[in-house]
Each structure stands twice: as C-alpha cells, then as structure tokens.
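Heads up: the protein sequence lines correspond to chains A and B, in order. The first sequence maps to residues 203 to 416 in the working numbering. The second sequence maps to residues 352 to 771 in the working numbering. Before any comments, here is the structure.
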Amino acid sequence: MKFLRMVLLAAIVSLPAQRAHAAADVAAGQEKAKVCAACHGENGVSSMPGIPSLAGQQDQFIQWQLVFFRSGQRPNPAMAPIVGELSDEDVVNLGAYFHSLPYNTKVADGAANAELTAKGKTVAVDHRCSSCHKDDFRGERAAPAIADQREDYLVKALTDYRSVTRPSVGVAAMTEAAAGLSDDDIAAVAHYLATLGPPKTVGASLKTVGPAKK
Amino acid sequence: MTTRVLRAGLVAALPLLFAAALPFGGASAADLKSYDSSKPSFWAHPPPDWFLGDETEAQKGLAPPVGPAIPTTAAELQDNLKKIKLPPGFKIELYASGVPQARQMAWGANGTLFVGSFQATNVYAITDQGGKRTVKTIIKGLNMPTGIAVRDGALYVIDVNKLLRYDNAEASLDKMPDPVVVYDDMPSYAAHGWKYLVTDKNGWVYIPFGPPFNVGIPPTSVSQIRHVDLKSGLAEIVALGVRNSVGGDIDPRSGDYWFTENARDWLSDDTPSDKLNHITRMGEDFGYPHCHQGNIPDPKFAMGHKCSEFTPPVVNLGAHVAPLGMKFYTGSQFPAEYKNNIFIAEHGSWNRHKYQGGRIERVVVDAEGKHAKQEVFATGWITGDRDYFGRPDDILQASDGSLLISDDWAGAIYRISYAK
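Printed below as a string of structure tokens:
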C-alpha cells in the first residue's frame, strides 16, 4: 500500500517538480518552518482546531497562500506578523519543505457518518471539486490537497471562500465554487473529504495526471 | 454530463429569451442556461459554471493552470529565453524580472514603463538609469488592474469596475496621488471582468466588457466594447457580440480599432478558433454567443441565428491560443516588411489536451482587413504537453523600435530587437 502511494505521489508531483523546485532548498525551508510547528504540528500534521495540516501539501499552493498572507490579500492576524518578513526565497523553500513531508492519511478520530459522507460526495460531484483537486482530492500545483484535511478547517476554508474573505488562486475558482454552498453542504463535503483515508485505487488518478491521449 | 435544469425562477426572469428561442427550433428551453443578472449578488458571485462548462469526461481536468506564486528569478529567465525561437536577425533578452503577474504596459512621456498586473493588485513603474532598471510598486490593492494607459501625463488604471486617473503620474512615483474616478458604469465581477485600455487620438478609450461565464446569453451590460470620453465620461457601445477581449490597437493607417477575442471553451480541442477582429461600423455585432469563428453556430446558443448575420473575423488565429495584447508595428528598427504588421501576444491554452499559443504571432494585413496572412514570430514558452515557463500577454513598442513583451506567468518583461 505504501509503495503504491509513493508511486501515486511521484506521478502527481512530477510535472510541477521540474519547474517549481529548481531553486528550492528543503533544509532552509525546514529551518524557517520551526515557528510553524506550534500551530501546524511537529511534522506538519495539525492537532489544533481550525488550523490546517500542511504535510505533503502542494508546493505551489503553500507558496500562493504565503504570498496572499504577506500582501494582506488573505487577512489573518496570526499569520501576518510571521510572514511579513519572508523573502521570495523563503516562500519557495517553505513550499518545498512542507511538500516533502509525508502526507497524513490517518483518518480523523471517530467513524465516518455514512449519511453525511453520501451527501458530501454528491456535493463534491455537483460542484466539480475533482476538476481541479483531482479524483483523489490530493490536488495538483496550486490546487491543494483537501483529502484527509481537518474537518473543522475545511468548514472554515469553505465558509471563508463563500463570504469572499479569502482570495482564490486562479482568479475566482473557489469563490465561485463555494458561492452556492449551504451550511449543510459545507458540513457534508468537509466530512466526506476529511474521512477519505488512504487512496484505494491508483489507476484513475494516474490517468488524469499522465500525458494527454492523442 | 447532464445539463443542469434551470430553476423556474430563473426562467421567469427572462421570458422573452425563451419566447424568442422556441419558434426557431434548435435547443429546447430546458437545455438552455440563462442567468438572472437583476440583483447585485449575481455580480458578486457569477455562475459557478462560467468556465467549467459542459465538459465531456475526456475534457475533465482541463482547468486553467495557475502560475508560480513567486516571479521566476533572473537567472532562470536567462536560461529559459535561450529556448525561444525567432526569425533570423532577431533576438530576445530579459528586460526586467520581479514584476509579479505583469500585464498591460504603457510608456510615460519621460520613459517610465508602467505595468498593470492580474491578481497581484499592483501597478508597477520600471525606470531605467543608464541601463540599470528598477521595478517599483507604485499602486497596491486594486481589483484586477490588468488594463492601463497613459495620456497627458495621467496614468489610467482599471480597478475592475472603475476607470481611475492618477494625475502627474511620472513625477509622483514615490507617492501616487489619490485617484479620480473617470467612469464607473461597469459590473463588479472579476471573471472575464479584467480589461485592456486603448486610447485614440481624440482622447477616448476603448474598454472591453467580457461575460462572466464561458457561454450563455450575456447580461445586458457585457459582451461588448465601449468607447469612453476621458474628459466627460460619455460612453458609447462600439461593438456587440464580443466574448472575452483583452487586447486591441488602433490601425495607424485608418484610425480603426482592431481587437483580439478569446472564443468559447469546452467545444473541442480544435474549435472554435480565437479571433482577430476589425470594427468598421459603430455597434457591429461579432456573433457571440450565437456564432463562433465566423462559421460555427453555437450548438445551444445559435437560437435561430445564422453566422452570416454577424461580422466575421479578419483572421482565425487558432483554437485555444488565447490572443491578448496586440500592437501595430510602426517602428523602423525591424525590416521594412514589418511596417504596420500586427504583433499579437498569445497567452496559450488551458482548455486543450495539448497546449498551443504561448507565443508571439505576426499578422500581415491591409488596412481594409484584406489579404491577411499570419505566421509565428516568437515561440517556445510551452514545455511538454501542458505546462509553461512563461505566458506572453502584452506587447509594447519601445522608442527605438524594439518590442517589449510582458509575461504574467514568470512575472517578467522581455525585449525583442533586430540587428542586421
């Protein structure tokens, strides 16, 4: 299982890796990330309510959020003083560091609620989440991994996108995707994504990230 | 993929649309999407399917790629530019790096290069002191300030739904004055709401208004190009039936306005073609959403219209090449046959299995729009099937006749020059 997961991850990251990692220094990113552990967890796996896990997260997504925090486009009183002094180089290194950490596939405590999961799956299909976040919901490039993220954080993120209090990469993709979600929709899709667990098949995902069929 | 059925309330909001559609056959009312734009909330949250349209299973995952969060470093750019192919005698070099999401460019009278941006909220000023260039962020916090222009010492910037004027801009780079709102009769959405500004000799500015979705019946205030008097704010509609236009220029031979237009997505990899258009009569209709590339009736939105009703493009540039900024070449540095040619910055594909565009195209055409031919001028920004190291988005001629190219993916400006 673990081997398959590694193959899958390698396939997902191989394209952006050539571009984004050209100048990245993972060790420097790790040094810079010491301050992050207090909230985001020792290995990038958060145990704090409302705070996202960052382990294995898409490199470009991490970079974009740091840029948004730094410019004030994503206002956050806790992040603002920390990111204020980050250089472009720091941003690249932090992205590479968190991306290098093993992805958390340990399902959150408590069993998945079958009814909520089914509704959440429908919401995910209706709102075309996998068009950007891919079939396994582990993202690609600037589209973040959202599978096995903290449920309370997914609720917060979707609520913030819906109220346009945080910017969306790709112009307005998330603003638009979240605009029509009810509170119940958000609760359901967050539960579904947070309890996905390790990917069960790799075939479908490999197909979507491989070269286009001619 | 099933078509979403309209809620009854939305259908009722546009009864004339369906009354007009049905007698002509074609798609039935249940197949058509329409949008109730009568409330401000529509503009705050455009339809969720504006770009994720009726994709087939084979098209799944063809979402717009997001570029790097951080501008590409000068060292990497120097390396990348070695891969750009140009005709003999031309060369490309790095003009400036560290210009996040650089979009439309405009010159100040004293040689300051002003540059807008996409989502970075910034306007930049690039100054040149003896070959040493400095990039300075002079305005922050604007909503999609892609379109800029300079006239009579003032810098004009689009703040998505406001045209702003910053007086005495070049002398105020350290502290820009508070802007004056010149014109604000515009919808506030971001999707296809980003704009491009072209001023004419009479002090009017051309402004495009794109629809906030891929394809649909456009709300009344969009899918058009307006012409606004910078002094009085008077606005006129000069073109209708225009999808997403983010580039244009005035032909130095005729004074006519020409513009690039991005065609609808999700039809297929190879159709419809993006367009180069020429306005010869006020209020001309270029066909969107009824007809694409001059000869493809929309499968749903033709609604009884024939392509022959609309002004055809001068040139079909190719599907998903994404033509953005364009300029007529009026310099004397390039060989004589380049005089009055059109250079077009093609941003490149997202809704195609194998990207194309991502290059500079050259169009040779007479002032009447006849005898057009096109060829690739500069190419090489696409890597692999679906990736970029840069995406050209605007072109500006320098005083020495060289061309500057802005790149919002790499956050850089390039210079193309010619020497025998």
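Positions of the beta carbon are idealized from the N, C-alpha and C atoms, including for glycine.
| field | Cα-Cα separation between Asn315(A) and Asn245(A), rounded to whole angstroms | value | 28 angstroms
| request: Report yes if the C-beta distance between Ser448(B) and Thr485(B) is below 8 angstroms; otherwise report no. | output: no
| task | Drop a sphere of 10 angstroms on the beta-carbon of Asp525(B), count the other beta-carbons inside from all chains shown, and report buried for 16 or more, exposed for fewer. | result | exposed
| Helix, strand or coil at Ser249(A) [DSSP, three-state] | coil
| task | Would you mind reading off the limits of the alpha helix (DSSP H) that contains His242(A)? | result | 239-242
| task | Would you mind reading off the limits of the alpha helix (DSSP H) that contains Asp385(A)? | result | 385-396
| query | Is any beta-carbon of chain A found at less than 8 angstroms from that of Thr497(B)? | reply | no
| said: So for Val556(B), helix, strand or coil by DSSP? | reply: strand
| said: Below 7 angstroms on C-beta distance, what does Cys334(A) contact in chain B? | reply: Ala414
| task | Using only alpha-carbon positions, find the residue among Leu464(B), Ile489(B), Val532(B), Phe740(B) that is nearest to Ser523(B). | result | Ile489(B)
| message | Using a Cβ distance threshold of 8 angstroms, determine whether the region 682-689 of chain B contacts the region 718-725 of chain B, with at least three qualifying pairs required. | response | no
| query | CB Tyr765(B) to CB Glu427(B), shorter than 8 angstroms? | reply | no
| By the criterion of Cβ-Cβ separation under 9 angstroms, what are the contact partners of Ala226(A) in chain C? | Protein chains in the displayed structure are A and B, and chain C is not among them.
| field | Residues that DSSP places opposite Tyr475(B) in a beta bridge | value | Val466(B), Thr488(B)
| query | Between the beta-carbon of Ile544(B) and the beta-carbon of Val508(B), is there less than 8 angstroms? | reply | First, the amino acid is wrong: residue 544(B) is Gly here, not Ile. Contact flag unset, no.
| said: According to DSSP, simplified to helix, strand and coil, what is Gln232(A)? | reply: helix
| message | What I want to know is whether the C-beta of Gly709(B) ends up closer than 7 angstroms to one or more non-hydrogen atoms of the ligand MG. | response | Looking at this structure, you won't find the ligand MG or any other ligand, since it has none at all.
| Expressed to the nearest angstrom, what Euclidean distance is found between the alpha-carbon atoms of Leu515(B) and Ala239(A)? | 44 angstroms
| Span of the alpha helix (DSSP H) around Ser333(A) | 331-335
| query | Which first and last residues belong to the alpha helix (DSSP H) in which His301(A) is found? | reply | 290-302
| query | What are the partner residues of Met495(B), as DSSP defines its beta bridges? | reply | In DSSP, Met495(B) forms no bridge with anything.
| task | Report the neighbours of Gly372(A) on chain B: residues whose CB is nearer than 7 angstroms to its CB, in chain order. | result | Pro415, Val417
| Cross-chain neighbours of Ala541(B) in chain A, by beta carbon under 7 angstroms | Val373, Ala374
| said: Determine, for Gln259(A), whether the minimum Cβ-Cβ distance to residues of chain B falls below 8 angstroms. | reply: no
| message | Once DSSP output is grouped into helix, strand and coil, what is the label at Asn431(B)? | response | helix
| Cut-off 7 angstroms between Cβ atoms - residues of its own chain near Val327(A), not counting five sequence neighbours on either side | none
| said: Measuring only the C-alpha atoms, how far is Asp503(B) from Gly554(B)? | reply: 9 angstroms
| Residues of its chain near Gln351(A), where Cβ-Cβ distance is below 7 angstroms and the 5 sequence neighbours each way are ignored | Pro254, Ser255, Leu395, Ala396
| Looking at Met376(A) and Ser430(A), is the spacing between their C-beta atoms short of 8 angstroms? | Because chain A spans 203 through 416 in this model, residue 430(A) falls outside it and cannot be assessed.
| query | For Ala257(A), which residues from the same chain have a beta carbon less than 7 angstroms from its beta carbon, with the 5 sequence-adjacent residues on both sides left out? | reply | Asn245, Gly246, Val247, Phe300, Leu303, Pro304, Tyr305, Asn306
| query | For Pro674(B), which residues does DSSP report across the bridge? | reply | Glu697(B)
| query | If you draw a straight line from the alpha carbon of Lys436(B) to that of Gly731(B), how long is it in whole angstroms? | reply | 6 angstroms
| request: Say whether chain B places a C-beta atom closer than 8 angstroms to the C-beta of Pro401(A). | output: no
| In chain B, which residues lie with their C-beta within 9 angstroms of the C-beta of Arg352(A)? | Within 9 angstroms Cβ-Cβ: nothing; Arg352(A) doesn't reach chain B, min ~23 angstroms.
| So, is Thr472(B) buried or exposed, given that buried needs 16 or more other C-beta atoms within 10 angstroms? | buried
| query | What three-state label does DSSP hand Gln410(B) in the structure shown? | reply | helix
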